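As structure tokens, the structure follows; a few thoughts come after it.
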Amino acid sequence: MEKGFKQVPFHGVKDKQGRLNILIVGVDSRGEKRSRSDAIMIAQYDPKSKKAKLVSIMRDSYVKIPNYSKEYNKINTSYYLGGADLLRQTIKENFGIDVEHFLAIDFKGFVKVVDMIAPEGIEVDMKKEIIADMGLNVEPGRQRLHGKELLAYARFRHDAESDFGRVKRQQEVLTALKDTFTNELSTLEGMFKLPGVGQELMNYIDTDMDFQTLIAIGGSVLLNPIAQIETMRIPLNASYEDIRYDHAGAVLELDFEKNKQALKEFLINEPKPVNELNK
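Here it is, written out as structure tokens:
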């Protein structure tokens with residue numbers, strides 16, 4: 024990603040029930056023009072119920088990629104090959120879920136925004152394996168981390184949980200950021216910070232939304248604070264196998280029906296088919 028706000032082509036679809044669905048991608052571009060997504064999430068906000076949901080799709084999920092010569096590969100390969108809209112199409116084809124908007128944030132921007140929102144740091148639960156990997160001189164337990172350290176914490180995967188632990192930490196960090204941001208906005212000082220945070224963030228994002236749409240969405244959320252974020256991970260437990268393919272490396276081969284149905288239940292409240300109810 025190049026620094027500076029940039030709109031990208033995206034053929035999203037509005038939710039029929041008025042819920043806002045945004046595909047969020049975390050990118051470590053390291054100066055490259057094309058990069059694989061390091062984090063893939065679907066964020067949903069329902070303005071009627073004031074509820075928010077967050078789904079993490081693990082980047083090694085082995086999926087069918089539309090118009091791809093090898094047909095199947097890791098889901099983050101779709102972003103590398105065709106950007107935001109191919110990733111959207113891939114999610115729709117494999118899981119039956121479409122989204123309206125797209126937002127990619129460079130990790131450099133994440134670090135800067137965290138330090139602006141929470142200059143005293145964000146509190147997380149540090150395990151000794153993570154402390155050793157990050158080279159920190161702190162005790163295991165609850166510790167406050169600043170932007171760069173918090174990013175390293177969210178991306179850590181060198182323990183028994185591997186990428187599954189990383190996804191869990193990413194959701195933990197986003198929830199903690201939401202809580203911190205909400206608390207900040209309850210103070211006059213926090214309100215004055217908001218324009219600066221927004222301006223800085225614009226330097227590190229790609230999106231299909233114009234500035235006015237971003238402001239409108241942000242305003243809606245700010246006027247109706249989110250009490251809690253419900254989270255989900257794809258694949259579900261006991262719904263995948265660890266497989267290796269020559270062209271893709273180590274992947275997660277999914278039980279698509281189980282994951283697809285669970286995702287629809289979570290995001291659009293679609294009930295199980297009648298023949299599944301007694302299983």
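Residue 302, in the working numbering, is where the sequence shown stops; the numbers in between run on with no holes.
The C-beta atom is built at its ideal place from N, Cα and C for all residues, glycine as well.
It should be emphasised that the depicted structure is a prediction, and the values quoted were computed from it without experimental measurement.
(Q) If I follow the unbroken beta strand (DSSP E) through Glu146, where does it start and stop? (A) Along the sequence shown, one-based indexing puts residue 146 at 123. Its beta strand (DSSP E) spans residues 145 to 149.
Q: Out of Lys281, Ile153, His181, point me to the one whose CA is closest to Leu168's CA.
A: Looking up residue 168 in the sequence shown gives position 145. Closest option to Leu168, Cα to Cα, is Ile153.
Q) Where Phe289 and Ile240 are concerned, what is the direct C-alpha to C-alpha distance, given to the nearest angstrom? A) By one-based count along the sequence shown, residue 289 stands at place 266. By one-based count along the sequence shown, residue 240 stands at place 217. Rounded to whole angstroms, Phe289 to Ile240 spans 22 Å at the Cα level.
Q.
If you measure between the beta carbons of Val78 and Ile63, is that distance less than 7 Å?
A. Taking the first residue of the sequence shown as position 1, residue 78 is located at position 55. Taking the first residue of the sequence shown as position 1, residue 63 is located at position 40. No, the pair does not count as a contact, with Cβ atoms beyond the cut-off.
(Q) On the criterion of 16 or more Cβ atoms from any shown chain inside 10 Å, does Glu172 qualify as buried, or is it exposed? (A) Numbered from its first residue, the sequence shown carries residue 172 at position 149. By the 10 Å Cβ count, Glu172 comes out buried.
Q: May I have a chain-ordered list of the alpha helix (DSSP H) segments no shorter than 4 residues that lie completely inside the stretch 79 to 162?
A: 98 to 118, 130 to 140, 151 to 157
Q. Can you name, in chain order, every residue of its own chain whose Cβ lies under 7 Å from the Cβ of Lys201, other than the five neighbours on each side?
A. Counting from one through the sequence shown, the residue named residue 201 turns up at place 178. Here the set comprises Ile249, Ile252.
Q | For Lys93, the nearest candidate out of Gln112, Ala141, Asp269, Tyr263 (CA to CA) | A | By 1-based counting over the sequence shown, the position of residue 93 is 70. Nearest of Gln112, Ala141, Asp269, Tyr263 to Lys93, Cα basis: Asp269.
Q) Under a Cβ-count criterion, where at least 16 other Cβ atoms within 10 Å of its own Cβ denotes burial, should Ser72 be classed as buried or exposed? A) Residue 72 sits at position 49 when you count from the first residue of the sequence shown. The residue in question, Ser72, is exposed, as its Cβ has fewer than 16 Cβ neighbours within 10 Å.
Q) How should Thr210 be labelled, buried or exposed, when 16 other C-beta atoms within 10 angstroms of its C-beta is the threshold for buried? A) In the sequence shown, the residue the question calls residue 210 occupies position 187. Classification of Thr210: exposed, given that the 10 Å Cβ count is below 16.
**Q.** Cβ pair count under 8 Å reaching 3, the stretch 203 to 219 against the stretch 87 to 106
**A.** no
Q) If you check the beta carbons only, do Pro258 and Leu275 fall under 7 Å apart? A) As a first step, residue 258 must be located in the sequence shown, where it is residue number 235. As a first step, residue 275 must be located in the sequence shown, where it is residue number 252. It is a contact, given that the beta carbons lie within the stated cut-off.
Q: Report yes if the CB atom of Ala271 is closer than 7 Å to the CB atom of Lys97, and no otherwise.
A: If you number the sequence shown from 1, residue 271 lands on position 248. If you number the sequence shown from 1, residue 97 lands on position 74. The answer is yes: Cβ separation under 7 Å.
Q | Three-state class that DSSP yields for Gly272 in the structure shown | A | For the purposes of this step, residue 272 is taken as residue 249 along the sequence shown, with counting starting at 1. Three-state DSSP puts Gly272 in a strand.
Q: Would you list, in sequence order, the uninterrupted beta strand (DSSP E) runs of no fewer than 3 residues that lie entirely inside the stretch 172 to 254?
A: 228 to 230
(Q) Rounding to the nearest angstrom, what Cα-Cα distance links Ile291 and Asp108 in this structure? (A) Here the question's residue 291 lines up with position 268 in the sequence shown. Here the question's residue 108 lines up with position 85 in the sequence shown. Going from the Cα of Ile291 to the Cα of Asp108 covers about 21 Å.
Q: Under 6 Å Cβ to Cβ from Lys76, same chain only, skipping five residues before and after it: list those, please.
A: The residue you call residue 76 lines up with position 53 of the sequence shown. So the list reads Gln67, Glu253, once near-sequence residues are dropped.
Q.
Could you compute how far the alpha carbon of Leu217 sits from the alpha carbon of Val136?
A. Numbered from 1 along the sequence shown, position 194 holds the residue referred to as residue 217. Numbered from 1 along the sequence shown, position 113 holds the residue referred to as residue 136. Approximately 10 Å, taken between the alpha carbons.
**Q.** Beta-carbon proximity of Val220 to Gly170, cut-off 7 Å
**A.** As a working mapping, residue 220 is identified with position 197 in the sequence shown. As a working mapping, residue 170 is identified with position 147 in the sequence shown. Contact flag unset, no.
Q. Are Thr230 and Leu126 close, meaning C-beta to C-beta below 7 Å?
A. Translated into positions along the sequence shown, residue 230 becomes position 207. Translated into positions along the sequence shown, residue 126 becomes position 103. Yes. Within cutoff.
Q) To the nearest whole angstrom, what separates the beta carbons of Glu116 and Val147, a pair I think is in contact under 8 Å? A) In the sequence shown, counting from the first residue as 1, residue 116 sits at position 93. In the sequence shown, counting from the first residue as 1, residue 147 sits at position 124. Contact doesn't hold; Cβ gap of about 35 Å is too wide.
**Q.** Local conformation of Arg167 per DSSP, three classes
**A.** Here residue 167 refers to the residue found at position 144 when the sequence shown is read from its first residue. Residue state, collapsed to three classes: strand.
Q: Hey, could you find the ends of the beta strand (DSSP E) Asn18 is sitting in?
A: The structure shown does not extend to residue 18, since the chain spans only 24 to 302, so no value can be given for it.
**Q.** Of the listed residues Tyr95, Gln112, Ala177, nearest to Leu46 (C-alpha basis)
**A.** As a working note, residue 46 is residue 23 in the sequence shown. Here the closest residue by C-alpha is Gln112.
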